[in-house]
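Colleague: Each protein sequence line maps, in turn, to chains L and F.
For the record, in the first sequence the residue sitting at position 235 is 235 according to full-length UniProt numbering, with numbers rising by one throughout.
For the record, in the second sequence the residue sitting at position 109 is 109 according to full-length UniProt numbering, with numbers rising by one throughout.
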Amino acid sequence: MSGLPDRLVEFVGALREHGIPVGPGETVDAAAAVDVLGLADREQLRAALAATVLRRSGQRAAFDALFDLYFPVAVGSAETAAEASDLNELRNALVAALAEGDAERLRGLAAAGVEVFGQYGSFGEGGSGGGGMSGWSAYQTLERVRPDALLNRVLAAIRGEQGDGLGEALARQEAQSRIASFREQVQAEARRRTAEYRGRDRIARHAVAPQTDLVSFTNASRQQLTELRRTIQPLSRKLATRLASRRRRARRGQIDLRRTLRRSLATGGVPMRPAMRERRPGRPELVLLCDMSGSVAGFAQFTLLLVQALADQFSKVRTFAFVELTDEITELVTAGAADPEGLARRIMTEARLTRWGMSSDYGDSLGSFVEGWLDAVGPRTSVLILGDGRTNGGDPNLAAVRDIADHAKHVHWLNPEPRSAWGTGDSAALEYGRVVPMHECRNLRQLTQLVTELLPG
Amino acid sequence: MQEPLFGSVDEVVERLAGAGYLASTPVATTVYLADRLGKPLLVEGPAGVGKTELARALAEATSSELVRLQCYEGIDEARALYEWNHAKQLLRITAGRDEGWEDTRDEVFSEEFLLPRPLLKAIRNPEPTVLLIDETDKSDVEMEGLLLEVLGDFQVTVPELGTITATRRPFVLLTSNATRELSEALKRRCLFLHLDFPSPELERDIVTLKVPGLDVRLTDSLVRVVGALRGMELRKAPSIAESVDWARTLLALGADTLDEQIVESTLGVILKYQSDHRKAAAELRLDKLLT
Chain L
1 MSGLPDRLVE
11 FVGALREHGI
21 PVGPGETVDA
31 AAAVDVLGLA
41 DREQLRAALA
51 ATVLRRSGQR
61 AAFDALFDLY
71 FPVAVGSAET
81 AAEASDLNEL
91 RNALVAALAE
101 GDAERLRGLA
111 AAGVEVFGQY
121 GSFGEGGSGG
131 GGMSGWSAYQ
141 TLERVRPDAL
151 LNRVLAAIRG
161 EQGDGLGEAL
171 ARQEAQSRIA
181 SFREQVQAEA
191 RRRTAEYRGR
201 DRIARHAVAP
211 QTDLVSFTNA
221 SRQQLTELRR
231 TIQPLSRKLA
241 TRLASRRRRA
251 RRGQIDLRRT
261 LRRSLATGGV
271 PMRPAMRERR
281 PGRPELVLLC
291 DMSGSVAGFA
301 QFTLLLVQAL
311 ADQFSKVRTF
321 AFVELTDEIT
331 ELVTAGAADP
341 EGLARRIMTE
351 ARLTRWGMSS
361 DYGDSLGSFV
371 EGWLDAVGPR
381 TSVLILGDGR
391 TNGGDPNLAA
401 VRDIADHAKH
411 VHWLNPEPRS
421 AWGTGDSAAL
431 EYGRVVPMHE
441 CRNLRQLTQL
451 VTELLPG
Chain F
1 MQEPLFGSVD
11 EVVERLAGAG
21 YLASTPVATT
31 VYLADRLGKP
41 LLVEGPAGVG
51 KTELARALAE
61 ATSSELVRLQ
71 CYEGIDEARA
81 LYEWNHAKQL
91 LRITAGRDEG
101 WEDTRDEVFS
111 EEFLLPRPLL
121 KAIRNPEPTV
131 LLIDETDKSD
141 VEMEGLLLEV
151 LGDFQVTVPE
161 LGTITATRRP
171 FVLLTSNATR
181 ELSEALKRRC
191 LFLHLDFPSP
201 ELERDIVTLK
211 VPGLDVRLTD
221 SLVRVVGALR
231 GMELRKAPSI
241 AESVDWARTL
251 LALGADTLDE
261 QIVESTLGVI
271 LKYQSDHRKA
281 AAELRLDKLL
291 T
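1. In or out: residue 430 of chain L buried (at least 16 other Cβ within 10 Å) or exposed?
2. Helix, strand or coil: how does DSSP classify residue 224 of chain F here?
3. Between the stretch 49–63 of chain L and chain F, which residues of the former have a C-beta closer than 8 angstroms to a C-beta of the latter?
4. Report yes or no: do the stretch 20–28 of chain F and the stretch 445–456 of chain L share at least 3 C-beta pairs separated by less than 8 angstroms?
5. Excluding the 5 residues preceding and the 5 following residue 350 of chain L in the sequence, name in chain order all residues of the same chain whose CB lies nearer than 7 angstroms to its CB.
6. Using DSSP bridges, identify the partner residues of residue 216 of chain L.
7. Near residue 22 of chain L, what residues of its chain come up, given a Cβ to Cβ distance below 8 angstroms and the 5 sequence neighbours on each side ignored?
8. Would you mind working out which of L:108, L:8 and L:86 sits nearest residue 181 of chain L, comparing C-alpha positions?
9. May I have the straight-line CA-CA distance separating residue 116 of chain L from residue 157 of chain L, to the nearest angstrom?
10. Going along the chain, which unbroken runs of the alpha helix (DSSP H) with 4 or more residues stay wholly within the stretch 202–285 of chain F?
11. Within the 8 angstroms Cβ cut-off, does residue 169 of chain L reach chain F?
12. Locate the alpha helix (DSSP H) running through residue 30 of chain F, then write down its first and last residues.
13. Taking Cβ positions only, does residue 277 of chain F come closer than 8 angstroms to chain L?
14. Relative to the alpha-carbon of residue 299 of chain L, which residue among L:9, L:414 and L:63 has its alpha-carbon at the smallest distance?
15. Please say whether residue 41 of chain F and residue 132 of chain F have beta carbons closer to each other than 8 angstroms?
16. Where DSSP assigns a beta bridge to residue 318 of chain L, which residues make up the other side?
17. Shorter than 8 angstroms from the beta carbon of residue 221 of chain L to some beta carbon of chain F?
18. Specify the secondary structure class of residue 131 of chain L as computed by DSSP and reduced to three states.
19. Taking the straight line between their C-alpha atoms, what separation do you get for residue 89 of chain L and residue 144 of chain L?
20. Just the C-alpha distance for residue 281 of chain F and residue 258 of chain F, rounded to the nearest angstrom, thanks.
21. Scan the stretch 221–233 of chain F for residues whose Cβ lies nearer than 7 angstroms to a Cβ of chain L and list them as they occur along the chain.
22. Using a C-beta cutoff of 8 angstroms, does residue 173 of chain L count as contacting chain F?
23. What does residue 44 of chain F reach in chain B if we use C-beta pairs closer than 7 angstroms?
24. With 8 angstroms as the threshold, decide whether the Cβ of residue 286 of chain F is near any Cβ in chain L.
25. Any idea if residue 520 of chain L is buried or exposed, counting beta-carbon neighbours within 10 angstroms, 16 or more meaning buried?
26. For a test of the three-state rule: what should DSSP assign to residue 192 of chain F, helix, strand or coil?
27. Got a sec: is the Cβ-Cβ distance from residue 96 of chain L to anything in chain F below 8 angstroms?
28. The alpha helix (DSSP H) with residue 254 of chain L in it runs from where to where?
29. For a contact defined as C-beta to C-beta under 9 angstroms, what are the partners of residue 448 of chain L on chain F?
30. State the DSSP-derived secondary structure class of residue 414 of chain L, mapped to helix, strand or coil.
31. With respect to the alpha helix (DSSP H) encompassing residue 101 of chain F, which residues constitute its N-terminal and C-terminal limits?
32. Can you give the Cα-Cα distance for residue 267 of chain L and residue 159 of chain F, rounded to whole angstroms?
33. Do residue 176 of chain L and residue 142 of chain L count as a contact pair if the criterion is CB distance below 8 angstroms?
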């Protein structure tokens, strides 16, 4: 196993590139672990490396994808690849495997699918095979095999025994999750084969998705959005403890003489442990002003979910949404706790946000907020404005923002666009930024950081 | 280096199973490594997947004593490490009223008046020990500093007595629900294990092991329903502990198949929030009953 140290170092390098900090100490640990275990069992190797280099759970997906690249199951076409050359045959086999939930067979079929239908480019022909644009494509494979379209056939195959409500619901759930895992296997297989052909480093850099908290809000895929939504709940719990402990620390200060004396009785009248006076905690009030227009709605939604989950950290939260007009949606947000997906739809249908178009009008929106709800903003209120500040050429209405800032304790603007795009085109971000502090907030990590920093303890 | 506890990964699986804990490959591998490399093991994961249970089973499998330090907000050195028994010291001083200062001083700070707390206890124990530091994320940052010192060198300094070094290194297991990010320094010294919900096969085995009386087909359906629930976006997804509870409930009710009626009436055992309950009922089509 002479190449192992090199392989390990390359692997660690790829992890670092995906934002997983692995120090040399961890690399040494990993090597020691491999030394103890040997290489015989791939799953043991995976567990050993995960135990030595990972530090938090969110890193697992990126780790697994990279592990499969650097410690592949096989070289070339997989041994386990099922024998299916014809599309129909493959799909029939797939239905059977999905219905049975046979993971091993699914992996084989994924390999076969990529082998037969995923190949693109010119290699293999004409002997050269080094073309820059060839490889194996998961997208192309899935386009041909179309596993999603098999759902009903799989259901029919499972249903054989049970056709009632619960059984049906369970079967549907299972079939869907198996199809999803099949898709993932196809992607992993395509990545592995392509990496072998075009160099591991390149594929590792481009084809492995970043960690969830670095996925940008505005161009996340549907699946990534679900994944993101899943992390909101634990994240908010984490934030809540952090905020609470900061508040607790802030109120330590004066000595409570009476309680100190009382305590000192245990130590013969010597005040060994002074007791501190406790102050009544003051919780901040929060007003959210969200741009719900198409381009940034996803971002606003996330922030809403996060704030909603943090609701007990504030004495009062009021939420307003705007596209062309502003309307209060506090009720909708509180009522929508159980159904985060439908929230955006309900906001759009039930609140009066637009007159005719769907593009945002910051000038009028901010104006109508100042006219109608300025009394929501008081000297104890923190205001968060969420939006990209793209006015579509309209008047940015800086006076309104200034008005809000004058009334509030502080105002912060969170912008989902990269800092480099501010002020380009119709963006009034820089102008707004001169009135109130503006922060770049593109992914969950930045959002977390901002929420902790901005909310007063 | 002291004698390792386990000879191979398979042996870990086998001996843990003997103690009533079915370990998956990652769990067994990590435990084996922690033992071999002599590092503390940090176990993270949702509540009820068997983090604390792992420590208990480890202690049983290796016939070690289990010393448990339950962390909470504001836990300090005195609660974790050692404490002088002030009341007893005062008594001693009062009792020896006529003796000189020299004698009293030497007497009062001796072993007799030392109250060992879990960390010191685990370090001084000459027998094999599993030290469980439970819910490390609940403790304050200062506590982590203390842990670093103790877990790094396995020694404790009591100013009046001198340094106490472990004669036998305890197997250390830290658990965390990840409500707070633990410090990098602490994490770096540990092996990391993320304990997640088990695969359906493993869960079936666990349920069968814990509730042997339950019908095999019923166990199967139970695991399927729990799996489906975990796939939904619930506030609190059911974990192994809940599956086992549910199995016990079903056994007590004498149910022989899992139909809508039974699931509906016992859903409270596995779901702890009203909103989750409603959502699950809708997605599992339990409402079909009403129509």
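A virtual CB, placed ideally from N, CA and C, is assigned to each residue, including glycine.
Please read these numbers as outputs of a predicted model, since none were measured by experiment.
Modeller: On the basis of the coordinates in this document:
1. Counting Cβ neighbours within 10 Å, residue 430 of chain L comes out exposed, since fewer than 16 surround it.
2. Residue 224 of chain F: helix per DSSP, three-state reduction.
3. If the cut-off is 8 angstroms between Cβ atoms, the stretch 49–63 of chain L has 50, 51, 52, 54, 55, 56, 57 and 60 near chain F.
4. Touching, no.
5. For residue 350 of chain L, where only same-chain residues beyond five positions count, the Cβ hits under 7 angstroms are 332.
6. The bridge partners DSSP lists for residue 216 of chain L are L:443.
7. Cβ within range, chain order: 12, 15, 16 and 53.
8. Restricting attention to L:108, L:8 and L:86, the CA atom closest to the CA of residue 181 of chain L is found in L:108.
9. Computed Cα separation, rounded: 26 angstroms.
10. 216–231, 240–253, 260–270 and 274–283, all fully within the stretch 202–285 of chain F.
11. By this cut-off, residue 169 of chain L is an interface position.
12. Start and end: 25–37.
13. Chain L, which has no Cβ nearer than 8 angstroms to the Cβ of residue 277 of chain F, makes this no.
14. Minimum Cα distance to residue 299 of chain L is reached at L:414.
15. Cβ distance not < 8 angstroms, so residue 132 of chain F and residue 41 of chain F don't count as in contact.
16. Bridge partners of residue 318 of chain L: L:287.
17. So, not an interface residue.
18. Confidence in residue 131 of chain L is poor, its pLDDT being 46 and thus under 50, which makes the residue's placement too unreliable to answer from.
19. Each residue's alpha carbon lies about 13 angstroms from the other.
20. Rounded to the nearest angstrom, the two C-alpha atoms are 14 angstroms apart.
21. Residues passing the 7 angstroms Cβ filter: 224, 225, 228, 231 and 233.
22. It does; some Cβ of chain F falls within 8 angstroms.
23. In the displayed structure, chain B is absent; the protein chains listed are L and F.
24. At least one beta carbon of chain L lies nearer than 8 angstroms to the beta carbon of residue 286 of chain F.
25. It is not possible to answer for residue 520 of chain L, since the shown part of chain L is limited to 1 through 457.
26. Note: residue 192 of chain F maps to strand in three-state DSSP.
27. No, residue 96 of chain L lies away from the interface with chain F (no Cβ there is under 8 angstroms from its Cβ).
28. No alpha helix (DSSP H) contains residue 254 of chain L, which DSSP labels as neither H nor E.
29. For residue 448 of chain L, no chain F residue has a Cβ inside 9 angstroms of its Cβ, as the nearest lies near 10 angstroms away.
30. Here residue 414 of chain L sits in strand by DSSP.
31. It spans 101–108 - the alpha helix (DSSP H) in which residue 101 of chain F sits, taken as one unbroken run.
32. Straight through space, the alpha carbons of residue 159 of chain F and residue 267 of chain L are spaced by roughly 20 angstroms.
33. Cβ atoms of residue 142 of chain L and residue 176 of chain L: not closer than 8 angstroms.
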